[in-house]
Amino acid sequence: MSKLNERNKAVAIEFWEALDAKSVKNSISVKLASDMRWDGFAPFTKTSSSEEFLTKFVEGFYSIFDVVRRETHILIGGISNGRADGKDDGNHWVGGTGYLHVRQKHKFGPISAQENQLRLRWGEFLQFDELGKIIRVQTIFDIIDWLEQINLSPLPKPLGNLHVYPAPTGCEGFVSDQEAKKQSKNLLKYARDFIFGGLNGFDKVDLKSMGMADFFHPNLKWYGPGGIGACLSFKEFEDLHQRPWLHAFPDRRVGDLDNLIAEGSFVGASSMPGVSLTHQGPYLGQKPSNNKCTVNGIDFWREDNGKFVENWVFVDMVHLFYQMGVDLLAMVKHDVGDIT
696 MSKLNERNKA VAIEFWEALD AKSVKNSISV KLASDMRWDG FAPFTKTSSS EEFLTKFVEG
756 FYSIFDVVRR ETHILIGGIS NGRADGKDDG NHWVGGTGYL HVRQKHKFGP ISAQENQLRL
816 RWGEFLQFDE LGKIIRVQTI FDIIDWLEQI NLSPLPKPLG NLHVYPAPTG CEGFVSDQEA
876 KKQSKNLLKY ARDFIFGGLN GFDKVDLKSM GMADFFHPNL KWYGPGGIGA CLSFKEFEDL
936 HQRPWLHAFP DRRVGDLDNL IAEGSFVGAS SMPGVSLTHQ GPYLGQKPSN NKCTVNGIDF
996 WREDNGKFVE NWVFVDMVHL FYQMGVDLLA MVKHDVGDIT
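Position in the sequence shown (first residue = 1) + 695 = my numbering.
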């Protein structure tokens, strides 16, 4: 398993380097299975082949930038154990996150070209077959954080801190094969208890019913998505994110995840979707719609001495709000255009 894991992480790095260099199609597609599935972020739609992925997303997205430099904060890999019933799904995944430093030279939907350099938050998980081909990719770029950087966000100012998305504090985010397997196995169980036990334990009244204090350190650093912002303590996390979120979506439920992996002191997960909920209360300026919604999300956690101390969080807010009956991109009052 360890050799496959290290090979897969090396392929992931090569794949990202080819994307960032805007390499010719062949140098990217050689790493992809022909029937590769891409689960993307709004406004893009899912694709079901490598050719469709390259044409609809890679060419359409990367062509708007004249400078692309990737900063990778975390890189982990492993065999997924994301089913709610606890059974291994046996799939090999690699996850990564960080910044894409870009200069936008062309219009992207309602977002006009920008002179200043931008830092786009990205999170991505790649699934591999036994031959080392990428067979599935799940990607989120934080569109709302992008809009906040250029003062065009359609959402209210976040309660949390803006644009806080650092590399792991005091440690290396690239986990090597030297990390103890026992540590990864124990951490995966801990993560499952947190996700399927704690998060799903909300009694719709008291935040303490989930037992989050058993999993998060008091000095937790929770790096939330655009629209929510970062929370720099467990108390801030409860006050600025969890309480408003669960007031709006009290029946939030985590189901089977497309992947859940642990390596060293890091855990990562993505699922599109992996959470179901009903919009029953006001949220970020929007009245309750009572619409049933799903959440496309990506998370990375870092554990230290038995508690999660950092959490890097992605939520596809454009996709979520669209299900609530709100088109966030149409609300951007600046050079509005069609997004393809």
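C-beta atoms are modelled at their ideal positions from N, C-alpha and C, and glycine is treated no differently.
- Would you mind reading off the limits of the alpha helix (DSSP H) that contains Asp-715? 697-715
- Length-filtered (3 minimum) beta strand (DSSP E) runs lying within the segment 802-834: Complete beta strand (DSSP E) runs here, min 3: 813-823.
- Would you list, in sequence order, the uninterrupted beta strand (DSSP E) runs of no fewer than 3 residues that lie entirely inside the segment 879-951? Whole beta strand (DSSP E) segments, 3+ residues: 911-918.
- Query: Do you know offhand how far Glu-766's Cα is from Gly-755's?
  - Reply: 21 Å
- Query: Mapping DSSP to helix, strand and coil, what is Thr-1035?
  - Reply: Confidence is the limiting factor: at Thr-1035 the pLDDT is only 37, short of 50, which leaves the residue's position unreliable and the question unanswerable from this model.
- Which residues DSSP lists as bridging Gln-981, in chain order: Tyr-978
- Is Tyr-794 helix, strand or coil when you go by DSSP? strand
- Any idea if Gln-812 is buried or exposed, counting beta-carbon neighbours within 10 angstroms, 16 or more meaning buried? exposed
- Straight-line Cα distance separating Gly-865 from Asp-999: 11 Å
- Inter-residue spacing [alpha-carbon to alpha-carbon] between Glu-712 and Ser-722: 10 Å
- Message: Using C-beta distances below 6 Å, list every residue in its chain close to Arg-764, excluding the 5 sequence neighbours before and after it, in chain order.
- Response: His-796
- List the whole-angstrom C-beta distance separating Leu-894 from Val-962, where the pair is believed to meet the contact cut-off of C-beta under 8 Å. Not a contact, Cβ separation roughly 13 Å.
- Task: Could you pull out every residue in the same chain whose Cβ sits closer than 6 Å to the Cβ of Val-789, ignoring the five residues on either side in sequence?
- Result: Asn-703, Lys-704, Ala-707, Gly-772 and Leu-821
- Message: Within 10 Å of its beta-carbon, does Asn-787 have 16 or more other beta-carbons around it, so buried, or fewer, so exposed?
- Response: For clarity, residue 787 is His in the given sequence; the question names Asn instead. Buried.
- Is Ala-964 closer than 8 Å to Leu-952 when the C-beta atoms are compared? Yes, the pair counts as a contact, with Cβ atoms nearer than the cut-off.
- Message: Please state the DSSP three-state secondary structure of Phe-739.
- Response: coil
- Nearest candidate by alpha-carbon position, reference Phe-752, set Leu-770, Trp-733 and Ile-769: Trp-733
- Presumed contact (8 Å Cβ cut-off) between Leu-955 and Val-870, rounded CB distance: About 15 Å; that fails the 8 Å criterion.
- Looking only at DSSP bridge pairs, what is Ser-965 linked to? Ser-965 has Asn-954 and Ile-993 as its beta-bridge partners, per DSSP.
- Three-state secondary structure (DSSP) at Met-1026? helix
- Below 8 Å, can you find three or more Cβ-Cβ pairs linking the segment 967-987 to the segment 937-944? yes
- Query: To which residues of the same chain is Trp-1007 closer than 6 Å at the C-beta, ignoring the five residues directly before and after it?
  - Reply: Thr-792, Tyr-918 and Phe-995
- Query: What residues match up with Trp-1039 in a beta bridge as DSSP calls it?
  - Reply: Residue 1039 lies beyond the range of the chain shown here (696 to 1035); nothing can be said about it.
- Cβ neighbour criterion (16 or more within 10 Å) applied to His-801: exposed
- Item | Val-859 (DSSP reduced to helix, strand or coil) | In the structure shown, Val-859 sits in coil (DSSP, three-state: anything other than H, G, I, E or B).
- Query: Do three or more CB pairs link the segment 828-843 to the segment 897-914 at distances below 8 Å?
  - Reply: no
- What's the call for Glu-843, buried or exposed, on a 16-neighbour Cβ count within 10 Å? buried
- What's the call for Pro-913, buried or exposed, on a 16-neighbour Cβ count within 10 Å? Exposed, because fewer than 16 other Cβ atoms sit within 10 Å of the Cβ of Pro-913.
- Message: So, for Ile-785: in the same chain, excluding its five sequence neighbours on each side, which residues have a beta-carbon less than 6 Å away from its beta-carbon?
- Response: Before going on, a small fix: residue 785 reads as Gly here, not Ile. Here the set comprises nothing.
- Minimum C-alpha distance to Arg-887 - residue among Gly-781, Gly-921 and Val-1010: Gly-781
- Any chance you could list the beta strand (DSSP E) runs of at least 3 consecutive residues sitting entirely within the segment 743-779, in chain order? 760-774
- C-alpha gap between Lys-916 and Val-1004, whole angstroms: 6 Å
- Span of the beta strand (DSSP E) around Asn-1006: 1002-1010
- Are there 16 or more other CB atoms within 10 angstroms of the CB of Asp-898, so buried, or fewer, so exposed? So Asp-898 ends up on the exposed side.
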